[in-house]
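These notes concern the structure reproduced below.
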Amino acid sequence: MPKRSQAYAEAGVDLDAAEALVDRIRGAVDATHTKGVISDIGGFGGLFKPDLSGMGEPILVAATDGVGTKIKLAAAFSEHAGIGKDLVAMSANDVLVQGAKPLFFLDYFATGKLDLDVAEAVVSSVASACQEAGCALLGGETAEMPDMYTDNEYDLAGFCVGMVDKDKIVDGSGVRVGDALIGLASTGVHSNGFSLVRKLVDESGLGPEDVLPGTELTAKQALLMPTAIYVKPVLNVMRDFDVHGMVHITGGGFHDNIPRVLPSSVEVRIDFGSWPVPPVFPWIKDTAAMTWDEMLHVFNCGIGYVLAVDQEQTEDVLARLNQNLDQPAWRIGSIAKRTEAESCQVLIDIPGAAC
């Protein structure tokens, strides 16, 4: 090893390990490359030539996100294989909300000391999720920063870019009174609320292989289930049906996310009994002594993505979505005229709801 590399390694940054990681993940990354990719892994920047055929006025849509402190639970449970899917899902689903198809994704992996096995598991998970979302893993950065993180800590950030024709942008302006709300199932907690979840795990003394009370799953399985990626089923619907508005239910639950795409003149009325709530959520609710109203302000409670569609197309849209039995959908409510200008825009029929 050259003297400079040896000195750098002694300072805590192992360039050889970083190069070894690139060799390990090259195959997984290459497998994500769509025909638009015109660069190879390892360049200073990723090159992508989008297919503009059939586009009148193409618009780029970009989103960035992380996975919060779910990473700390993944590390505590020594389960890193799904966290990359969480990373891709958080940004790809956000790009989708505008009606855009994700084109490419970039990841940022920062750690105190590069563990090749952990990093490979995470980046391979990112690559697999990119294939599920139909986008290329165009590039990324691995940063070894010994003074910023402890040896076994890491953090992630993701960046997704998609494209939509201007006249097909979905921004919620088309939402109107009478529209039906269709909810797509979440896989579980997804990637929000883990500061509370980790506190409950610690207080309950749950280990990764312990069965989570009220479920048939281990704590590791129930709490680290990767976030669902909704890109393919939703784009499939958009090809044949009018979608007036879409919502990715993330941090802030129903009450913070749904109003982001609503005209000020309408409100949503949600039937809380219209979908089965996964058992992980009653465990969180009971263990934290929360009400369902509080839960719906924080968690997705079983619905990870919402579509507003024309009332007359509801059954056909549901039939299309429910072709995939692993990710079912239900009619969960409707759009109504707002009763008061200062009133809440999300009304859920649960006892004691403050809104």
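If you count the sequence shown from 1, position 248 lands on 250 in our numbering, and the numbers rise without skipping.
Glycine is no exception: its CB is placed at the ideal position from the N, C-alpha and C atoms.
Proximity to residue i [Cα-Cα], best of the options
i	options	result
Glu12	Ile85, Met147, Pro52, Glu21	Met147
Gly136	Tyr232, Asp212, Val268, Gly216	Tyr232
Glu314	Gly160, Ile184, Asp25	Ile184
Leu186	Glu155, Glu211, Pro280	Pro280
Asp273	Val263, Ala64, Phe256	Phe256
Gln133	Phe107, Tyr156, Thr113	Phe107
Ile286	Arg322, Glu317, Ser197	Ser197
Lys74	Asp318, Glu155, Tyr10	Glu155
Asp173	Ser336, Val348, Val263	Val263
Arg350	Met165, Gly58, Thr152, Glu296	For the sequence presented, residue 350 should be read as Ile rather than Arg. Out of Met165, Gly58, Thr152, Glu296, Glu296 has the C-alpha closest to the C-alpha of Ile350.
Tyr307	Thr293, Gly275, Lys339, Thr229	Thr229
Thr152	Gln223, Asn326, Ala77, Val69	Ala77
Val39	Ile27, Asp53, Arg26	Asp53
Gly68	Met57, Met150, Asp109	Asp109
Cys303	Val319, Asp16, Phe283, Leu214	Phe283
Gly70	Asp157, Leu320, Lys201	Asp157
His192	Lys168, Ala22, His250	His250
Glu122	Asp181, Ile27, Gly58	Ile27
Lys87	Asp212, Met240, Lys37, Ser126	Ser126
Ile352	Ile171, Leu327, Gly275, Ser206	Gly275
Ile171	Thr289, Asp244, Thr36	Asp244
Beta carbon proximity, residue i to chain D, threshold 7 Å
i	result
Ile272	Included in the structure is just one protein chain, with no chain D present.
Bridge partners - residue i, DSSP secondary structure assignment
i	result
Met248	Leu309
Thr66	Phe161
Tyr156	Thr113
Ala9	Per DSSP, none; premise fails for Ala9.
Ile61	Val166
Leu108	Gly141, Phe161
Thr220	Val213
Lys51	DSSP, once it has assigned bridges, lists no residue as partnering Lys51.
Same chain, Cβ closer than 6 Å to residue i, neighbours up to 5 away in sequence not counted
i	result
Ala20	Thr144
Ala129	Ala30, Val31, Thr34, Leu139
Met227	Thr189, Gly190
Gly48	Ser41, Leu140, Gly141
Gly14	Pro148
Gly253	Asn194
Gly164	Val63, Val97, Ala102, Lys103, Pro104, Leu105
Gly247	Gly174, Val177, Val263, Ala310
Unbroken alpha helix (DSSP H) run spanning residue i, endpoints
i	result
Ile334	Here Ile334 belongs to no alpha helix (DSSP H); instead the beta strand (DSSP E) covers 331-339.
Ile40	Counting along the chain, Ile40 falls outside any alpha helix (DSSP H), and DSSP gives it neither H nor E.
Val300	Careful: Val300 lies outside any alpha helix (DSSP H) and carries neither H nor E.
Leu349	It is not in any alpha helix (DSSP H) - Leu349 instead sits in the beta strand (DSSP E) that spans 348-350.
Ile27	17-32
Ile73	72-78
Val99	85-99
Asp204	196-206
Near the ligand NAD: residue i beta-carbon under 6 Å from a heavy atom
i	result
Phe111	This structure does not include the ligand NAD; it has no bound ligands of any sort.
The beta strand (DSSP E) enclosing residue i, as first and last residue numbers
i	result
Leu2	Since the first and last residues shown for the chain are 3 and 357, residue 2 lies out of range.
Contacting residues, own chain, Cβ-Cβ under 7 Å from residue i (five flanking each side not counted)
i	result
Ala159	Thr66, Gly68, Tyr110
Ala338	Val179, Val268, Glu269, Arg271
Gly216	Pro281, Pro284, Trp285
Ala182	Val311, Gln313, Thr316, Arg333, Ser336
8 Å CB neighbourhood of residue i in its chain, flanking five on each side removed
i	result
Gly44	Val24
Met57	Met165, Asp167
Asn326	Pro235
Thr220	Pro210, Glu211, Asp212, Val213, Leu214
Threshold first: 3 residues or longer. Then list the beta strand (DSSP E) segments lying entirely within the region 122-153, N to C.
138-146
At what residue ranges does the region 230-291 contain a whole run of the beta strand (DSSP E), taking only runs of 3 or more?
245-250, 268-272
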